[in-house]
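Undergrad: Next up is a structure, given as structure tokens.
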Amino acid sequence: MTELRSKAEHTEAIRRDRRIAVVINTRSRRGRRHYFEVLDQIHALGFEPLAELSVVNPKRLRAHLDRALETKPDLLVVGGGDGTLSSAVRHVAHRDVALGVLPLGTTNNFARSLGLPLDLAGAIRVLDTGKVADIDLGMAEDRPFANLASFGVSVEVAGTVKPWLKRVLGRPAYPLTALTILPGHKPFKAILTVDGKRHELLTDQLNIANGRFHGGWQVARDISIDNGMLVAYQLGSGKKLRLLGETLVRATTGRWRSLAGGPFVMGREMLLETEPPMAADVDGEVRLRTPIRLRVVPNGLRVMVPSEFEDS
């Protein structure tokens with residue numbers, strides 16, 4: 001494993017040497033429209049990026065990230081949605097380089113969990129005035145993730161939601177699409193083993209979160225992306241009317257609740273089995289199936305965050 005500088009040394013190196021590389025996904029919701037604006041603002045702060053790369057073909061994203069990292073930056077700045085940033089997380093994890101996040105997607109869950117401003121000017125200023133922090137890294141089997149692994153109706157929603165609806169409505173596009181799918185969706189049995197304790201439930205949707213946000217809304221006040229814990233929670237209890245109501249409330253109000261209100265299960269490692277076996281959506285990519293083991297790696301990822309971010 002690469003030997004890491006202290007976070008204070010890393011922050012000082014970014015401010016002193018200004019060694020950054022920039023990768024922008026211009027296929028993200030706001031990437032194409034703001035690409036040159038982002039570069040102009042970064043230059044205005046006194047940065048002269050070692051690489052400035054525009055991702056036109058999403059299949060080339062990983063190659064662009066590799067190319068940017070070959071310049072050996074202290075800070076890799078990535079602009080895009082949560083899927084783009086999840087790919088960046090896998091490239092940066094456990095390395096002596098920090099990830100700078102520019103929220104250019106629809107829900108921007110990862111940026112929200114880091115406490116970043118969602119306006120571009122504010123997020124770009126953090127690159128200059130912020131600090132390097134280390135946060136938790138989720139692992140689904142051997143696949144790193146930043147924010148969320150989900151099972152059930154959301155996997156179908158992710159494959160169904162229309163790109164034009166996301167562009168027009170933004171984050172409400174997801175729960176509104178869910179409302180069209182839920183009436184025909186069948187609940188599944190989930191068996192979750194955490195710290196030797198077995199939990200069984202019938203649900204249409206189960207989420208296991210590393211971050212604090214899902215669909216652009218806060219899951220609970222006391223979830224953190226830096227507390228060394230994963231949090232599993234269900235939406236609905238196999239009862240269609242209840243889940244439809246919860247989804248409608250989330251779509252229209254973004255209401256959130258505390259972990260103390262349940263039903264939540266917390267732990268450092270979780271084994272999820274489902275009946276029937278089903279696909280897992282890991283930060284927007286459907287690559288794995290249950291049964292699946294998930295765990296958290298405390299302080300597994302370095303990121304640039306606002307100076308007031310509480311780094312444990």
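Numbering (full-length UniProt numbering), first residue to last: 1 to 312.
Heads up, the beta-carbon is just placed ideally off N, CA and C, and yes, glycines get one too.
1. For the beta strand (DSSP E) that contains R62, what are its first and last residues?
2. Could you compute how far the alpha carbon of G130 sits from the alpha carbon of F264?
3. Is it true that the CB of S113 sits closer than 7 Å to the CB of G267?
4. Have a look at the DSSP bridge pairing and note the partners of V38.
5. Helix, strand or coil: which one does DSSP assign to I20?
6. Return the CA-CA distance between A133 and P298, expressed in angstroms with no decimal places.
7. Bridge partners of D134, per DSSP?
8. Is any heavy atom in the ligand FAD found nearer than 6 Å to the beta carbon of A209?
9. So what does DSSP say about R15, is it helix, strand or coil?
10. Determine the contact status of G100 and V77, defining contact as a CB-CB distance below 7 Å.
11. Whole angstroms are fine: how far does the CA of R62 sit from the CA of D136?
12. Beta carbon of R206, beta carbon of G152: below 7 Å?
13. Quick one, which of R289, I14 and A8 has its alpha-carbon nearest A140's?
14. What did DSSP end up calling R33 once you bin it into helix, strand or coil?
15. Suppose contacts are defined by Cβ-Cβ distances below 7 Å. Is V22 in contact with L65 by that definition?
16. Going by C-alpha to C-alpha distance, which of V56, K189, P73 and R143 sits closest to R33?
17. Have a look at R67, I20 and A51 and flag the residue whose alpha-carbon is nearest the alpha-carbon of L127.
18. Which residues share a DSSP beta bridge with V77?
19. Let's test the definition: count the other Cβ atoms within 10 Å of the Cβ of R198 and tell me whether it reaches 16, buried, or not, exposed.
20. Determine, using beta carbons only, whether L104 and R30 come nearer to each other than 7 Å.
21. For V303, which residues in the same chain have their Cβ closer than 8 Å to its Cβ, ignoring the five residues on either side in sequence?
22. Since D281 sits in a beta bridge, which residues does DSSP pair it with?
23. With H, G and I counted as helix, E and B as strand and the rest as coil, what does DSSP make of N109?
24. Do V282 and R60 count as a contact pair if the criterion is CB distance below 7 Å?
25. What residue from D119, E70, G83 and D226 has the CA that sits closest to L301's CA?
26. Which residues does DSSP pair with N207 in a beta bridge?
27. What's the call for F110, buried or exposed, on a 16-neighbour Cβ count within 10 Å?
TA: Here's the rundown:
1. No beta strand (DSSP E) holds R62; the alpha helix (DSSP H) holding it covers L61 to L69.
2. 32 Å
3. no
4. V38 pairs with nothing; no bridge assigned.
5. strand
6. 12 Å
7. R302
8. You won't find the ligand FAD in this model; it holds no ligand whatsoever.
9. helix
10. In this structure, V77 lies closer than 7 Å to G100 by Cβ.
11. 22 Å
12. The question names Arg, but residue 206 in the sequence shown is Leu. In this structure, G152 lies closer than 7 Å to L206 by Cβ.
13. R289
14. Collapsing the DSSP output to three states places R33 in a helix.
15. no
16. That would be V56, whose Cα lies nearest to the Cα of R33.
17. I20
18. V22 and G100
19. Answer is exposed; the Cβ neighbour count stays below 16.
20. yes
21. A98, L99, G100, V101, L114, V132, A133, D134 and I135
22. S150 and V286
23. helix
24. no
25. Nearest option by C-alpha distance: D226.
26. S150 and Y233
27. buried
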